[in-house]
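S.K.:
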Amino acid sequence: MWKEFIRLSDDDQSVIAQMPTDMAVEPDFGELGLDHAIENLGAASFFLDDGAVKTFVSAARKAKKEAFQGVKVAYRKNARVTVELEDDDMIARMVVQGAQGGRALRGSEIVEALSAAHVTKGINKLALKKVLAMSHKVPPGQEFSQAVAIGKRPVDGKDAEFISLFPDINSRVLRPQEVNTVTHRVDMRNLGETITVAENEELLRRKPATKGTPGFTVCGKAIPPKPGTDKLLREGKGTYICKNNPNLLRASVSGMPVMKKGSSVEVDNALCLSKVDVSTGHIKFKGCVVITGDIEPGMKVLATGSITVGGFIESADVQAHGDITAAKGIIGRPVGEGEENACVVRSGGSITSKYAQYATVQAHDDITLAIHSLQNEVRCGGDLSVCDANGKQGTLSGGNTQVGGKITCVNLGVEGDSVTNVEACARYKKYKAGIEKLKENYKKVQEETMKVVRAELELSKTPKSERTQDMVDNVASLKEKNNDLLTRTKKKLDAVELEFEQMLSANTITVKNKVYSRVTVRFGEDTVVTRREHGPSILSYNHYEISFEAMMKS
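Take 10 as the starting number for the sequence shown in my numbering and just add one per residue.
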């Protein structure tokens, strides 16, 4: 029936549905057959207006005048293009809708679409050509999408860098030096050159922070970069900043250089000895001490700088404000219960050695041992590592170990009856007490807030005629101060609580091979004693219990 109703318009641009005046349709007349009829007209690619079709069908059923006047139910539709902005205006995407009986896109239409969307930057001309070409190929009514413009992300600035111009004494490995390259014979007495610098020698160069490179959106909006964190070069003891180059640090005296927190260097006087025994007497030196041999039993070595020992520290008292390195080992001897260890090594920095046994070993920062820690009294504010470079040997057994940070070892404990006591995250109680104090302070500030509220109520009850400007200003000032204090106290509490949780999650005990029985492990208020052997494990604490988590062998 539809073929009797539809025809092409005079300009061949649309399909008109018009019912003859002498014709009526059945009550069930609908859209069935319309597509076939339009196809026979050669207008299958035209855009079919569903709304207009429904209007005509309804009018035809009711014999309304619209059906006899004619309704445009389909028409030619040119290809259309829209621009969509994505990713915070960093990408402009063109969406082409295929022509329906009409023509493809023109170049001017693409330019107009970009202009309407305010896209001016990062435009890809090849992508625009592809959009133009695809507008000829996209099936009628189908869509094709193509990114045509991409913004530029800002490049953040780099933080200030400090480049050391001398070998790091902490990474120096003392080892016998080769004296014959053919036979590879070594001199056991020569453990390498001592690191020293001369007066005016260059020590540290600062590379200033950079501002970064700004970016832009496809709409041309500038995106500022995050500038790098700058840090100034600082003069240390025995150093000065070069007058001609403020980014260069030089030595003002000769001596041993020591890096300080990355942005400065201190140069200490260096005392070099072959050994410390009864022939040298006790050593007390303001500066760094380098001993190529051993520190023998009963001797004392005290230094305000670092102490580097090429041999053993044996049953001696060795203390330094800086780092202590004992290349071969730290050795004491068994003592009775209640007696102090004969070998004491204390550092205001870090302690590094191959092994330690029957000794008191204390460091403000980290302690690093390669082979074992046997029956020692160990305390450090940083981390404890008892592990060689390959992670194959490193046993922590016997004695008492208290570590402020994390513990890493290959084996924890030992077979037999020896008891091993270890505590990680030793700052737990201090942190918890600090948080409780901050909570009390916050509660007090909240109570002060109620005083401010009461003051405001009292002021509101006072008749306006009796209120003075001083009264109003006093309440406003009190409220402002209280709000500021409340915000600062809460911010500090939240920061410390977050720091506490991060510290607790990081400060674990990692055992790479085996945990033996009779090991007492303490975290905070809780203690567990191992009753059997465990394989590779990570011991952690969640404020309530100490947990063992098995891990795969590396």
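Glycine included, each C-beta is placed from N, C-alpha and C at the ideal position.
Are there three or more Cβ pairs, one per stretch, closer than 8 angstroms when the stretch 101-114 is compared with the stretch 141-151?
M.R.: yes
S.K.: Just verifying my parser: in three-state terms, what is the DSSP assignment at Lys521?
M.R.: Within the sequence shown, residue 521 is the residue found at index 512, counting from 1. In this structure, Lys521 counts as strand in the three-state DSSP scheme.
S.K.: Can you give the Cα-Cα distance for Val368 and Pro255, rounded to whole angstroms?
M.R.: Within the sequence shown, the letter at position 359 stands for residue 368. Within the sequence shown, the letter at position 246 stands for residue 255. Checking the displayed sequence, the identity of residue 368 turns out to be Ala instead of Val. One C-alpha to the other measures close to 46 angstroms.
S.K.: Roughly how many angstroms lie between the CA atoms of Gly314 and His330, to the nearest whole one?
M.R.: Taking the sequence shown and counting its residues from 1, the one referred to as residue 314 is at position 305. Taking the sequence shown and counting its residues from 1, the one referred to as residue 330 is at position 321. Cα-Cα distance, rounded: 6 angstroms.
S.K.: Around the C-beta of Cys281, are 16 or more other C-beta atoms found within 10 angstroms, so that it is buried, or is it exposed?
M.R.: The count along the sequence shown starts at 1 and reaches residue 281 at position 272. Flag for Cys281 reads exposed.
S.K.: First and last residue of the beta strand (DSSP E) that includes Asp326?
M.R.: Locating residue 326 in the sequence shown gives position 317, counting from the first residue. Asp326: member of the beta strand (DSSP E) spanning Asp326 to Ala329, first to last residue.
S.K.: In this structure, how does DSSP classify Ile606 when only helix, strand and coil are distinguished?
M.R.: The chain is shown only over 10 to 563; residue 606 falls outside these bounds and no answer can be derived.
S.K.: In angstroms, rounded to a whole number, what distance separates the CA positions of Phe14 and Ala26?
M.R.: By 1-based counting over the sequence shown, the position of residue 14 is 5. By 1-based counting over the sequence shown, the position of residue 26 is 17. Going by the C-alpha atoms only, they are around 5 angstroms apart.
S.K.: DSSP state of Val164, grouped into three classes?
M.R.: As a first step, residue 164 is located in the sequence shown; it is residue number 155 there, counting from the start. Assigned with DSSP and collapsed to three states, Val164 falls in strand.
S.K.: Mark Ser18 as exposed unless 16 or more other C-beta atoms lie within 10 angstroms of its C-beta, in which case mark it buried.
M.R.: As a working mapping, residue 18 is identified with position 9 in the sequence shown. Exposed, by the Cβ-count rule.
S.K.: Helix, strand or coil, according to DSSP, for Tyr451 in the structure here?
M.R.: Taking the first residue of the sequence shown as 1, we reach residue 451 at position 442. Helix, per DSSP.
S.K.: Taking 6 angstroms as the limit between beta carbons, can you name the residues of its chain near Arg243, skipping five residues before and five after?
M.R.: Indexing the sequence shown from 1 puts residue 243 at position 234. Cβ neighbours of Arg243 beyond the five flanking positions: Ser272 and Ser273.
S.K.: Roughly how far, in whole angstroms, is the beta-carbon of Lys130 from the beta-carbon of Gly160, given that I think they are within contact range, below 8 angstroms?
M.R.: Counted from its first residue, the sequence shown places residue 130 at position 121. Counted from its first residue, the sequence shown places residue 160 at position 151. That belief holds up - the Cβ atoms of Lys130 and Gly160 are roughly 6 angstroms apart, short of 8 angstroms.
S.K.: For Gly443, I'd like the list of residues in its chain whose CB is within less than 7 angstroms of its CB, leaving aside the five on either flank, ordered along the chain.
M.R.: Position 434 of the sequence shown, counting from 1, holds the residue named residue 443. So the qualifying residues of the chain are Val505.
S.K.: Is there at least one Cβ from chain B nearer than 7 angstroms to Tyr440's Cβ?
M.R.: Going by chain labels, chain B is absent from the structure shown, which holds only one protein chain.
S.K.: Run through DSSP, which three-state label would Thr417 get?
M.R.: Position 408 of the sequence shown, counted from the first residue, corresponds to residue 417. Here Thr417 sits in strand by DSSP.
S.K.: Using only alpha-carbon positions, find the residue among Phe294, Cys297, Ala312 and Ile316 that is nearest to Asp303.
M.R.: Position 294 of the sequence shown, counting from 1, holds the residue named residue 303. Checking every option, the nearest Cα to that of Asp303 belongs to Ile316.
S.K.: Look up Gln402 in the DSSP assignment and say whether it is helix, strand or coil.
M.R.: Residue mapping note: residue 402 aligns to position 393 of the sequence shown, counting from 1. Of the three classes helix, strand and coil, the one that applies to Gln402 here is coil, per DSSP.
S.K.: With H, G and I counted as helix, E and B as strand and the rest as coil, what does DSSP make of Thr64?
M.R.: For the purposes of this step, residue 64 is taken as the residue at position 55 of the sequence shown. Reduced to three states, the DSSP call for Thr64 is helix.
S.K.: Report all residues from its chain with a CB closer than 6 angstroms to the CB of Lys12; omit the five preceding and five following residues, and keep chain order.
M.R.: What you label residue 12 is simply residue 3 of the sequence shown in a count that begins at 1. If we look at Lys12 and ignore the five residues flanking it on each side, its Cβ neighbours are Ala46.
S.K.: Measure the beta-carbon distance from Leu383 to Gln366 and round it to whole angstroms, keeping in mind my assumption that it falls under 8 angstroms.
M.R.: As a position in the sequence shown, residue 383 is number 374, starting the count at 1. As a position in the sequence shown, residue 366 is number 357, starting the count at 1. At roughly 4 angstroms, the Cβ-Cβ gap stays under 8 angstroms, so Leu383 and Gln366 are in contact.
S.K.: Counting only runs of 4+ residues fully inside the stretch 87-171, write out the alpha helix (DSSP H) ranges in chain order.
M.R.: Positions of the alpha helix (DSSP H) runs, each at least 4 residues long and wholly inside the stretch 87-171, are given as 116-125 and 134-143 in order along the chain.
S.K.: Do you know how far the Cα of Glu48 is from the Cα of Ala68?
M.R.: Your numbering for residue 68 matches position 59 in the sequence shown. Your numbering for residue 48 matches position 39 in the sequence shown. Cα-Cα distance, rounded: 23 angstroms.
S.K.: Please report the straight-line C-alpha distance between Ala308 and Lys240, rounded to a whole angstrom.
M.R.: Along the sequence shown, read from residue 1 onward, the residue named residue 308 stands at position 299. Along the sequence shown, read from residue 1 onward, the residue named residue 240 stands at position 231. The residue you asked about is not Ala; residue 308 is Met in the sequence shown. Their backbone Cα atoms lie some 43 angstroms apart in a straight line.
S.K.: Thinking just about the alpha-carbon of each residue, which of Lys452, Ala485 and Tyr451 is nearest to the one in Leu466?
M.R.: Residue mapping note: residue 466 aligns to position 457 of the sequence shown, counting from 1. The shortest C-alpha separation from Leu466 is found at Ala485.
S.K.: Taking Cβ to Cβ, would you say Asp375 is nearer than 7 angstroms to Val227?
M.R.: Reading the sequence shown from its first residue, position 366 is the one you call residue 375. Reading the sequence shown from its first residue, position 218 is the one you call residue 227. Between Asp375 and Val227, the CB-CB gap reaches or exceeds 7 angstroms.
S.K.: Keeping to the same chain, check which residues put their C-beta closer than 6 angstroms to that of Arg198; ignore five residues upstream and five downstream.
M.R.: Within the sequence shown, numbered from 1, the residue matching residue 198 stands at position 189. Legend: pLDDT at Arg198 = 46, less than 50; position of this residue unreliable, value from coordinates given subsequently. Result list for Arg198: empty, nothing under 6 angstroms.
S.K.: So what's Glu386 in DSSP terms, helix, strand or just coil?
M.R.: Along the sequence shown, read from residue 1 onward, the residue named residue 386 stands at position 377. Three-state result, Glu386: strand.
S.K.: Applying the criterion that 16 or more other CB atoms from any shown protein chain within 10 Å of the CB defines a buried residue, is His381 buried or exposed?
M.R.: Taking the sequence shown and counting its residues from 1, the one referred to as residue 381 is at position 372. Buried is the call here.
S.K.: Taking the CB atoms as reference points, tell me whether Glu40 and Val62 lie closer together than 7 angstroms.
M.R.: Position 31 of the sequence shown, counted from the start, is the residue given in the question as residue 40. Position 53 of the sequence shown, counted from the start, is the residue given in the question as residue 62. Cβ atoms of Glu40 and Val62: closer than 7 angstroms.
S.K.: If Cys389 and Val412 are in contact, beta carbons under 8 angstroms, what's the gap, nearest whole angstrom?
M.R.: The residue labelled residue 389 in the question sits at position 380 within the sequence shown. The residue labelled residue 412 in the question sits at position 403 within the sequence shown. Cys389 to Val412, Cβ: 6 angstroms. Contact.
S.K.: For Asp96 and Gly237, I'd like the C-alpha separation in whole angstroms.
M.R.: To locate residue 96, count along the sequence shown from 1; it is residue 87. To locate residue 237, count along the sequence shown from 1; it is residue 228. Taking the straight line from one Cα to the other gives about 25 angstroms.
S.K.: Considering only C-alpha positions, which residue in the set Ser23, Asn551 and Ser469 is nearest to Phe509?
M.R.: Residue numbering aside, residue 509 sits at position 500 when the sequence shown is read from its first letter. The candidate whose alpha carbon is nearest that of Phe509 is Asn551.
S.K.: Thr471 by DSSP, collapsed to three states: which one?
M.R.: The sequence position of residue 471 within the sequence shown is 462, counting from 1. In this structure, Thr471 counts as coil in the three-state DSSP scheme.
S.K.: Taking buried to mean at least 16 other C-beta atoms within 10 Å of its own C-beta, is Asp31 buried or exposed?
M.R.: Residue 31 sits at position 22 when you count from the first residue of the sequence shown. Classification of Asp31: exposed, given that the 10 Å Cβ count is below 16.
S.K.: Determine the closest residue to Ala398 out of Leu507, Arg162 and Lys363, with distance taken between C-alpha atoms.
M.R.: Locating residue 398 in the sequence shown gives position 389, where the first residue counts as 1. Closest by alpha carbon: Lys363.
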